[in-house]
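Numbering follows my numbering, with no gaps: position 324 of the sequence shown is 340.
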Amino acid sequence: MAAEPVARSKVGEQRGAPVVQWAQESGELGGVLTSHRQLTTLLRRGGHEVRYVDTGSTSRAARALLRLPLRRALHLFHITRLWRAIVLAPMFAVLPGRSVLVLHSGSTAGQVAAMRRALRWTLWQALGAYDEIWVVNEEIRTVLPRRLWDRTTVVTPFDSSVDSFDARSDGEAVPCGARQPHALAVATNAGQAHYNADLAIEVGRRVAAEWPDVTLAILAYGNDGPSLSPLRRLATEEPWVSFSFDLPPADVAAVLHRVGTFLRPTAWDGDSIIVREALASGARVVASDTAPRPRGVEVAPLDADALAQAVLRGGAVSDGSGITGTTMSSAATAALERLRKH
């Protein structure tokens, strides 16, 4: 069954309690940054006071803690690494108001599987400190203990009620240019293996047999470490491959408005911000079939030949099944209402 359309926000209907976003505001973030900034944009449009605690900086976090509202608030804690939920659980257990843990990463199941039994037990106990848990796909919810399912909501990290580039770049203009049908792009966080940027290069090589003018733009971000070196080297060796690191959001938007196809050959994830941005820009999206994908994404097996054929001849089109219609803004509306009642 196809997923219901993403709901429009009614954040403005609930006012009063302040909202505190606990999140990294710089660093290895990817779509998480866009996601919580979209939510902040909508909350502020609705008249809510929104503050930030930058969990990516000890000094900035300490200064923000001194300015936290003393009255009851809705606290939203955005993470990709589960150990953070354990470390900060005692604080969130005593903060006045309502606390929500937002689990963004498709690697959550793998993180849990890699934990020793004692650490996993500690995690399950720590999660009890949070009033609610929001997860960005159904798989994450199924990993959690059943006793936590009643307080867990599956949300989409993307909200069509606000322009994602405006939310993360303060309204920078998006340069417009002619669409180049044979131009491809792929995104990778620090060159991590599950993004399979090297596979995108193999896809480009196979596509070149029919599209000799094919190009591939590698959009890297996050930690500029040794995992990116092979991609940089390939970009210097292959004239049709370009490499960029931490492009400003407006420049990322320009790439997505220029390329014909955005590749997403990931080993997991699904409803990612960059995929939604590419679709919204008018680009085709060809992705691996390793996870549910938003409506309109063309999917193929995680294989260079299969993905290349999908680029050249089209792939099976996702109907959005497995992707929730609950936005973070609508989940925030419900959480604020529960806070008001209690």
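From the three backbone atoms N, C-alpha and C, an ideal C-beta is built for every residue, glycine too.
Inset, instruction - From the DSSP output, in three-state form, read off tyrosine 211 for me. - result: In the structure shown, tyrosine 211 sits in a helix (DSSP, three-state: H, G or I).
Inset, instruction - Compute the Euclidean distance between the alpha carbons of glycine 144 and arginine 163, then round it to the nearest angstrom. - result: In this structure, the CA atom of glycine 144 is about 9 Å from the CA atom of arginine 163.
Inset, instruction - Going by DSSP, name the residue or residues bridged to isoleucine 234. - result: Isoleucine 234 pairs with Val202 and Phe259.
Inset, instruction - Leaving out five residues on either side along the sequence, give the residues of the same chain with a beta carbon under 7 Å from the beta carbon of glycine 187. - result: A caution first: glycine 187 carries a pLDDT of 49, below 50, which makes its placement in the model unreliable, though a value can still be read off. Excluding positions up to five away in sequence, the list is empty.
Legend entry - Euclidean distance between Cα positions of glycine 220 and threonine 231: Note on geometry: alpha-carbon atoms of glycine 220 and threonine 231 lie some 7 Å from one another.
Inset, instruction - Give the straight-line distance between the Cα atoms of alanine 270 and isoleucine 290, rounded to the nearest whole angstrom. - result: Using only the alpha carbons, I get a separation of about 13 Å.
Legend entry - Burial state of aspartate 285 (16 or more Cβ within 10 Å): Buried is the call here.
Inset, instruction - Determine the burial state of serine 75: buried for a count of at least 16 other Cβ atoms within 10 Å of its Cβ, exposed for fewer. - result: Exposed.
Inset, instruction - Run the CB neighbour count on threonine 172, radius 10 Å, all protein chains shown included, and call it buried at 16 or more, exposed below. - result: With 16 or more other Cβ atoms inside 10 Å of its own Cβ, threonine 172 counts as buried.
Legend entry - DSSP state of tryptophan 150 mapped onto helix, strand, coil: Strand, per DSSP.
Inset, instruction - Enumerate in chain order the residues of its own chain whose CB-to-CB distance from glycine 47 is below 7 Å, with the five nearest sequence positions on each side excluded. - result: A distance below 7 Å between beta-carbons, with the five flanking residues on each side excluded, links glycine 47 to the following residues of its chain, in chain order: Pro173, Ser288, Ile289 and Ile290.
Inset, instruction - Specify, as a first and last residue, the run of the alpha helix (DSSP H) that arginine 127 falls within. - result: In the sequence as displayed, the identity of residue 127 is glutamine instead of arginine. That run of the alpha helix (DSSP H) goes 124-130.
Inset, instruction - Using 10 angstroms around the beta-carbon of arginine 87, count the other beta-carbons present and answer buried if the total reaches 16, otherwise exposed. - result: By the neighbour-count criterion, in which a residue is buried when 16 or more other Cβ atoms sit within 10 angstroms of its Cβ, arginine 87 is exposed.
Legend entry - For leucine 200 and glycine 336, the rounded distance between their alpha carbons: Answer to the nearest angstrom: the Cα atoms are 23 Å apart.
Legend entry - Three-state secondary structure (DSSP) of glutamate 226: It is coil, neither helix nor strand.
Legend entry - Option nearest threonine 342 by Cα separation, candidates Glu253, Thr169 and Ala194: Taking only the C-alpha atoms, the option nearest threonine 342 is Thr169.
Legend entry - Whole-angstrom distance between threonine 252 and lysine 357, CA atom to CA atom: Rounded to the nearest angstrom, the gap between the Cα atoms of lysine 357 and threonine 252 is 60 Å.
Legend entry - Contact set for glutamine 196: own chain, Cβ-Cβ below 8 Å, skip 5 residues either direction: Only residues of its own chain outside the window of five on either side were considered, and among them Thr231, Arg274, Val275 and Gly276 have a CB closer than 8 Å to the CB of glutamine 196, listed in chain order.
Legend entry - 8 Å contact criterion, which methionine 344 and serine 51 should meet: CB distance rounded: That pair is a contact at about 7 Å.
Inset, instruction - Apply the 10 Å Cβ neighbour rule to leucine 55 and answer buried if 16 or more other Cβ atoms are within range, or exposed otherwise. - result: Counting of Cβ neighbours within 10 angstroms places leucine 55 among the buried residues, the total reaching 16 or more.
Legend entry - Residue nearest to serine 176 in terms of C-alpha spacing, selected from Ala324, Leu98 and Ala294: The option with the nearest alpha carbon to serine 176 is Ala294.
Legend entry - Residues near leucine 139 in its chain [Cβ-Cβ closer than 8 Å; skip 5 each side]: Result list for leucine 139: Leu98, Ala101, Ile102, Val128 and Met131, in chain order.
Legend entry - Endpoints, the beta strand (DSSP E) within which glutamine 37 is located: Where glutamine 37 is concerned, the enclosing beta strand (DSSP E) stretches over 35-39.
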